[in-house]
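Asks:
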Amino acid sequence: ARAFQAAARRPARSLILLATTGEEFGLIGAEYFVNRLDRLPGQTVAALNIDGTSVTSFKLFDVRGGSNSSLGATARAAGESLDVAVQLEPIGVGGSAHSPFLLAGIPVLWVGATLPAGWMNTHYHTPQDDMRQPLDLNAAARYTRFVFLTTYLVADASNRPNWNRGEFFSQKR
2 ARAFQAAARR PARSLILLAT TGEEFGLIGA EYFVNRLDRL PGQTVAALNI
52 DGTSVTSFKL FDVRGGSNSS LGATARAAGE SLDVAVQLEP IGVGGSAHSP
102 FLLAGIPVLW VGATLPAGWM NTHYHTPQDD MRQPLDLNAA ARYTRFVFLT
152 TYLVADASNR PNWNRGEFFS QKR
């Protein structure tokens, strides 16, 4: 939020920075928000799911949803600008806050960075997933710059993101 306030020029579109709750209990916060989109002025054209940050050194961004819509090209442009490789992956409905947006027909990116080998098996949602792990603040800063730039490019583009031809999620489900 501070980076957007400090930007030399505000993007053309408005932004909503949303922190949801209740992911493990059925995506309660994201569902609540998406079910009330009609109460907001304008249209929601995209959602970027930032489900954590990179706390370890990484070589590339794993951008889920990047192969489903034109958001992938935007993520690649941000990666090129920051000299970070971007791997585009498809996205599907799952246990994260992006799912209600997908089901509402809104293009989504879920940005992740490479994790240490085996981390998902040994740390994710376990007592070992705590603040005693080593933190690479430079990696976290690179991740944050990528998220900021990708979001800025989406918000400032003259055209709204488009689903790829024949994309399943292009229709509200």
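With the first letter of the sequence shown counted as 1, position 100 gets the number 101 in the working numbering; the numbers rise by one all the way through.
Here a beta-carbon is modelled for each residue, glycine too, at the ideal position from N, C-alpha and C.
(1) Who are the Cβ neighbours of Ala141 in its own chain at under 8 Å, not counting the five residues just before and after it?
(2) Using DSSP with H/G/I as helix, E/B as strand and the rest coil, what is Gly113?
(3) From the DSSP output, in three-state form, read off Ser15 for me.
(4) Going residue by residue through the segment 55–88, where are the continuous alpha helix (DSSP H) segments of at least 4 residues, counting only ones entirely within it?
(5) Across which residues does DSSP place Asn50 in a beta bridge pair?
(6) Closer than 8 Å is the cut-off here; do at least three beta carbon pairs connect the segment 72–90 with the segment 145–158?
(7) Identify whether Glu32 lies in helix, strand or coil by the three-state DSSP scheme.
(8) Return the CA-CA distance between Lys175 and Ala105, expressed in angstroms with no decimal places.
(9) For the alpha helix (DSSP H) holding Met121, just list the boundary residues, first then last.
(10) Following the continuous alpha helix (DSSP H) through Leu150, name the residue where it begins and the one where it ends.
(11) Who are the Cβ neighbours of Leu49 in its own chain at under 6 Å, not counting the five residues just before and after it?
(12) What residue range does the alpha helix (DSSP H) around Ala7 cover?
(13) Give every residue of the same chain whose Cβ lies closer than 8 Å to the Cβ of Leu16, excluding the five residues on either side of it in the sequence, and list them in chain order.
(14) For Glu81, which of Phe170, Ile51, Arg143, Pro162 has the nearest alpha-carbon?
(15) Quick one, which of Ala114, His99, Gly113 has its alpha-carbon nearest Ile107's?
Replies: Quick look at the numbers:
(1) Locating residue 141 in the sequence shown gives position 140, where the first residue counts as 1. Cβ neighbours of Ala141 beyond the five flanking positions: Thr54, Ser55, Val56.
(2) Walking along the sequence shown from the start, residue 113 turns up at place 112. Gly113 falls in the strand class under three-state DSSP.
(3) Here residue 15 refers to the residue found at position 14 of the sequence shown. Ser15 falls in the coil class under three-state DSSP.
(4) Runs found: 72–83.
(5) Position 49 of the sequence shown holds residue 50. The partner list for Asn50 (beta bridge, DSSP) reads Trp111.
(6) Yes, they touch.
(7) Position 31 of the sequence shown, counting from 1, holds the residue named residue 32. Here Glu32 sits in helix by DSSP.
(8) The first residue shown for the chain is 2 and the last is 174, placing residue 175 beyond what the model contains.
(9) To locate residue 121, count along the sequence shown from 1; it is residue 120. 120–123 is the extent of the alpha helix (DSSP H) around Met121.
(10) Counting from 1 along the sequence shown, the entry for residue 150 is found at position 149. Looking at the DSSP string, the run of the alpha helix (DSSP H) that includes Leu150 is 138–157.
(11) The sequence position of residue 49 within the sequence shown is 48, counting from 1. These residues qualify, in order along the chain: Leu110, Thr152.
(12) Translated into positions along the sequence shown, residue 7 becomes position 6. Here the alpha helix (DSSP H) through Ala7 covers 3–7.
(13) Mapped onto the sequence shown, residue 16 falls at position 15. Closer than 8 Å at Cβ, skipping near neighbours: Phe5, Thr152, Ala156.
(14) Locating residue 81 in the sequence shown gives position 80, counting from the first residue. Cα-wise, what sits closest to Glu81 is Arg143.
(15) Here residue 107 refers to the residue found at position 106 of the sequence shown. Here the closest residue by C-alpha is His99.
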